[in-house]
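Residue numbers (this note's numbering), protein chains in the order written: chain G, 8 to 269; chain U, 380 to 779.
Take a look at the structure:
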């Protein structure tokens, strides 16, 4: 069984949300990205999203953009993502999903990407600018190597479209919480419960909420409405605001408080 | 025979190029835009209103002009200029801005956003929004804000909000990123008035259809003036809106050579030019699969051109396709070629072209002397050079 599916099964048995912190490859450095990831696991993460930087990340707000830019200035390559996944995989059995934009993946080749990701220990692939109707090649390559290709839902997706997204979806549906880009938000949208209910009506696999999830109370409000949550910008903001050498500990402490609410 | 009339296909592809590579949040809005465009662009009432605006407001048809002194000076082919520089706001961008502006109005969305490089699409968008009573926000790379300061002042005078973009390379590429992020955020209340023949389906098709008027007029005008179809049609290309608008009228004429001119910048090194078709490779950027300037890891690389409107590391998917099937030839002319051509045209004809259009003039200057005197070259003079006077003056060692 794919580790993503196992994680949702055990979380369901314990009435917990799957908590998935996000780590940028090469941020703050190649080495401290490993430390961050392992600290998140130690702090109670149920899954990790590993983000490969791209020069033109149109779905990301300023926080992830800046982290991506810093990592790219250091010369990060897709191979660095595989090495990071390998090092995390050698220490933990939780699911790992590689996230990145279409172009760097296309240049590497979807077949090679799937093979290398899987060999490194990844369980899924998240590509925010590839829609299901354009994903046949990449989904086929992923399936061949046992990876789940993760599909998205948005607040603007009509019910009929959500039903199409569900056809052939694997692992979980990444539910973008708001119309907008990634970035920490103080409050979740008031229309989120109705939207998640709509997604639940159209799909049979777990719903994972991302974009703007930053506080324990956000997670508390998702119980019974979704099966998991991704936290990215809030953690990067903490790393950025911390004095040198203290970012890992501070971000892990936040993951611990999120895990308590998951 | 090329099957160009049926392109794009239902998924927005032109052969291997095009498509729709966007976040899920935008799908509903793109579907809505596509349906609205299909419903309106052949609707007689919509067409009449657009044609009236193109005529009474934008000053169309723009003339085609036989540049006799330039032709004589070069001693070869006859050079004709399609005078898009004479359209209201000073470039072809007004054609598409009027068309999409009317689509914005029927969409019921009061807020319009646009990206701009040289500022011509931003000015055209701000103009149309003022005329239709819509709110306008224009994203512009910080570097372009400085080198096209005059256009920034024009947009602000027209009531638009200009937002300088400080991320990435601070040029058109990054302006499109920010405009897309704005659209993802405000999609339910905002119409994205896209200016280049790039982006996710249906934008390349919409821009082509609204720019088709250039080629349609020029085809009739050149036959009246020269008594035949042109032998060669030249247009500058970056995203490619003026080129696809001009070329679309001649694609089915096998005797007409179509040439797209890319910016060679300072020379051949990566980062020093914007010759995407000549040295780019297939990839995905800003919602479409096309040719891109990128490194081996698939990261988009910086570009350079003296012309802000040619300084983008991609090209429209239909032009990438027309290159792929051999229907459009591409050539590269650099900053110095463009400056030389600009001065020659200014002094022989009394016309100062935009630096972008000067790249197309440079091609005519190069090929005309080698051709016979009955060879007809049609150049799309896509814009006027007023906006570039600071850059031109600096190049000539003076100041404005």
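Ideal placement from N, C-alpha and C gives every residue a C-beta, glycine not left out.
Item	Value
Using the rule of at least 16 other Cβ atoms within 10 Å of the residue's Cβ for burial, across every protein chain shown, is residue 573 of chain U buried or exposed?	buried
Output needed for residue 380 of chain U: all residues of its chain with C-beta closer than 6 angstroms, excluding positions within five of it in sequence on either side, in chain order.	Confidence at residue 380 of chain U is low in this model, with a pLDDT of 42, below 50, so the placement of that residue should be treated as unreliable; the coordinate-derived value is given next. So the list is empty, once near-sequence residues are dropped.
May I ask you to report which of helix, strand or coil DSSP gives residue 506 of chain U?	helix
Whole alpha helix (DSSP H) runs in the segment 143-173 of chain G with 4 or more residues, listed along the chain?	143-151, 166-173
Starting from residue 459 of chain U, trace the beta strand (DSSP E) in both directions and tell me its first and last residue.	457-462
Taking only three categories from DSSP, how would you classify residue 744 of chain U?	helix
Any chance you could list the alpha helix (DSSP H) runs of at least 4 consecutive residues sitting entirely within the segment 530-611 of chain U, in chain order?	551-565, 582-605
So, does the CB of residue 63 of chain G fall closer than 9 angstroms to a CB anywhere in chain U?	yes
Give me whichever residues DSSP pairs with residue 106 of chain G in a beta bridge.	G/58, G/133
For residue 558 of chain U, which residues from the same chain have a beta carbon less than 6 angstroms from its beta carbon, with the 5 sequence-adjacent residues on both sides left out?	492, 494, 518
Can you tell me which of the three DSSP states residue 380 of chain U falls into?	Residue confidence is low: residue 380 of chain U scores 42 on pLDDT, short of 50, so the model does not pin down where it sits. Its coordinate-derived value is still stated next. Three-state DSSP puts residue 380 of chain U in coil, outside helix and strand.
Which residues, in order along the segment 137-153 of chain G, keep a beta-carbon less than 8 angstroms from a beta-carbon of chain U?	137, 138, 140, 141
Looking at the structure shown, is residue 675 of chain U part of a helix, part of a strand, or coil, going by DSSP?	coil
Measuring only between beta-carbons, confirm whether residue 560 of chain U sits less than 9 angstroms from chain G.	yes
Going by other Cβ atoms of all chains shown within 10 Å of its Cβ, with 16 needed for buried, is residue 385 of chain U buried or exposed?	exposed
Taking Cβ positions, are residue 187 of chain G and residue 218 of chain G nearer each other than 9 angstroms?	yes
Where do the ends of the beta strand (DSSP E) carrying residue 660 of chain U lie?	660-664
Which runs of the alpha helix (DSSP H) spanning at least 4 residues fall entirely within the segment 673-738 of chain U, listed in chain order?	696-703, 714-728
When you compare only the Cα positions, how much space is there between residue 87 of chain G and residue 119 of chain G?	15 angstroms
Based on the DSSP output, what are the partners of residue 237 of chain G in its beta bridges?	G/27
Provide the residue span of the beta strand (DSSP E) that contains residue 651 of chain U, from first to last.	It is not in any beta strand (DSSP E) - residue 651 of chain U carries neither H nor E in the DSSP assignment.
Mind listing which residues of the segment 155-178 of chain G have their C-beta closer than 9 angstroms to chain U's C-betas, in chain order?	158, 159, 160, 161, 162, 163, 164, 165, 168, 172
Mapping DSSP to helix, strand and coil, what is residue 636 of chain U?	strand
Can you check whether the C-beta of residue 564 of chain U is within less than 9 angstroms of a C-beta belonging to chain G?	yes
Just how far apart, CA to CA, sit residue 707 of chain U and residue 638 of chain U?	6 angstroms
Nearest to residue 660 of chain U by CA position, among U/391, U/597, U/674, is which residue?	U/674
Locate the alpha helix (DSSP H) running through residue 490 of chain U, then write down its first and last residues.	Segment 490-495 is the beta strand (DSSP E) holding residue 490 of chain U; no alpha helix (DSSP H) there.
Taking Cβ to Cβ, would you say residue 235 of chain G is nearer than 9 angstroms to residue 12 of chain G?	no
What are the residues that DSSP puts in a beta bridge with residue 392 of chain U?	U/397
Would you mind sorting residue 144 of chain G into buried or exposed? The rule is 16 or more other CB atoms within 10 Å of its CB.	exposed
Does DSSP put residue 419 of chain U in a helix, a strand or coil?	helix
Indicate whether residue 55 of chain G and residue 95 of chain G have their beta-carbon atoms separated by less than 9 angstroms.	yes
Taking three-plus beta-carbon pairs below 8 angstroms as touching, is the segment 188-199 of chain G in contact with the segment 60-77 of chain G?	yes
If you reduce the DSSP assignment to three classes, tell me which class residue 670 of chain U lands in.	strand
Exposed or buried, what is residue 398 of chain U when buried is set at 16 or more other beta-carbons lying within 10 Å of its beta-carbon?	buried
Any idea what DSSP makes of residue 194 of chain G, helix, strand or coil?	coil
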